[in-house]
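This report concerns only the one structure given below.
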Amino acid sequence: MKKLIKKHKASLLFFIIPFMIILIQFSNLPAKIPVHFDWKFEPDHYVSKTTFLMFPFFLFLLQLFLLYIEDKKGEPQNQTIMTWFYWLLPVLTLFVTLGSIQVALNDTFTFIKLLPSLLPLLFIIIGNILPQVPQNYTLGIKIPTTLSSADNWYRTHRVAGRTWVIGGLLMIFSSLFFPTLLALYFILLASMIFVPIIYSLYIAH
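Spelled out as structure tokens, the structure:
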């Protein structure tokens with residue numbers, strides 16, 4: 002565990018940045034801070050600003066828990082992919098922190114509104130990584146059929162990679178030409194999740 006913490010020390014220390022941002026803005030923040038948004042990206046759940054201050058710390062603990070799981074499983078990992086994976090949560094924490102603060106302060110431009118454009122890019126990146134993910138219990142499509150067969154894992158993640166890249170590209174296309182059709186966005190997202198799972202079950206039986 003100590004070796005893993007040392008290896009991913011930079012991503013763990015990154016959680017200090019959103020914490021310091023909240024601390025600097027703490028006196029300017031209202032009593033309630035938005036932390037969850039509906040499909041129109043309007044805030045629908047709030048927490049106290051004291052709880053919000055602890056938000057990066059809670060996610061830091063989640064990151065430590067994920068490292069603990071990897072350490073206990075001890076399976077071989079593609080280290081480049083795992084490095085990407087362990088940077089995802091701290092960067093997302095910073096993004097959500099900035100967006101929540103901007104919404105709380107009634108800023109006209111918010112990071113939250115960029116999500117429909119940025120998420121497809123993230124899906125495309127993940128789609129390129131998925132085929133390289135080795136069979137493991139930490140990262141990937143972890144269902145009984147993929148975990149019980151190395152061949153099923155490999156084939157499923159190749160299909161998942163293509164599905165996520167195509168889905169991400171179609172999301173960018175739909176956001177540019179059909180920005181009001183949010184249902185299309187969620188249909189694509191559902192397809193990206195369920196197509197690989199259905200494929201895995203199909204080849205297993």
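Count along the sequence shown starting at 1, add 1, and that's the number in my numbering.
Backbone N, C-alpha and C fix where the C-beta goes; we use that ideal spot for every residue, glycine too.
What you are looking at is a predicted structure, and each value in this text was computed from that prediction instead of being measured.
Taking Cβ to Cβ, would you say residue i is nearer than 8 Å to residue j?
{"i": "V134", "j": "G128", "result": "no"}
{"i": "I18", "j": "L95", "result": "yes"}
{"i": "P132", "j": "H158", "result": "yes"}
Whose C-alpha, out of the options, is nearest the C-alpha of residue i?
{"i": "A105", "options": "E43, D72, Q64, N153", "result": "E43"}
{"i": "K8", "options": "L68, M55, K33, P19", "result": "L68"}
{"i": "L189", "options": "S176, K10, M172, I199", "result": "M172"}
{"i": "P31", "options": "F38, H37, I23", "result": "I23"}
{"i": "L1", "options": "L131, F38, Q64", "result": "In the structure as shown, the chain begins at 2 and stops at 206. Residue 1 is therefore absent and cannot be evaluated."}
{"i": "G168", "options": "T157, L185, Y155", "result": "L185"}
{"i": "L99", "options": "K73, N137, M83, P57", "result": "P57"}
{"i": "F86", "options": "M2, L183, I126", "result": "I126"}
{"i": "V166", "options": "A151, V92, S149, V196", "result": "V196"}
Count the other CB atoms, across all protein chains shown, that sit within 10 Å of the CB of residue i; report buried if there are 16 or more and exposed otherwise.
{"i": "P35", "result": "buried"}
{"i": "M21", "result": "exposed"}
{"i": "M193", "result": "buried"}
{"i": "S101", "result": "buried"}
{"i": "F179", "result": "exposed"}
{"i": "I199", "result": "exposed"}
{"i": "I70", "result": "exposed"}
{"i": "A191", "result": "exposed"}
Could you give the C-beta distance for residue i and residue j, rounded to a whole number, given that I count them as a contact under 8 Å?
{"i": "T164", "j": "N153", "result": "With 8 Å as the limit, T164 and N153 do not qualify as a contact, their Cβ atoms being about 16 Å apart."}
{"i": "F61", "j": "L119", "result": "No, F61 and L119 are not in contact; Cβ-Cβ is about 23 Å, not under 8 Å."}
Inset, instruction - Assess, as a yes-or-no matter, whether the region 23-30 is touched by the region 50-59 under the definition of 3 or more beta carbon pairs within less than 8 Å. - result: yes
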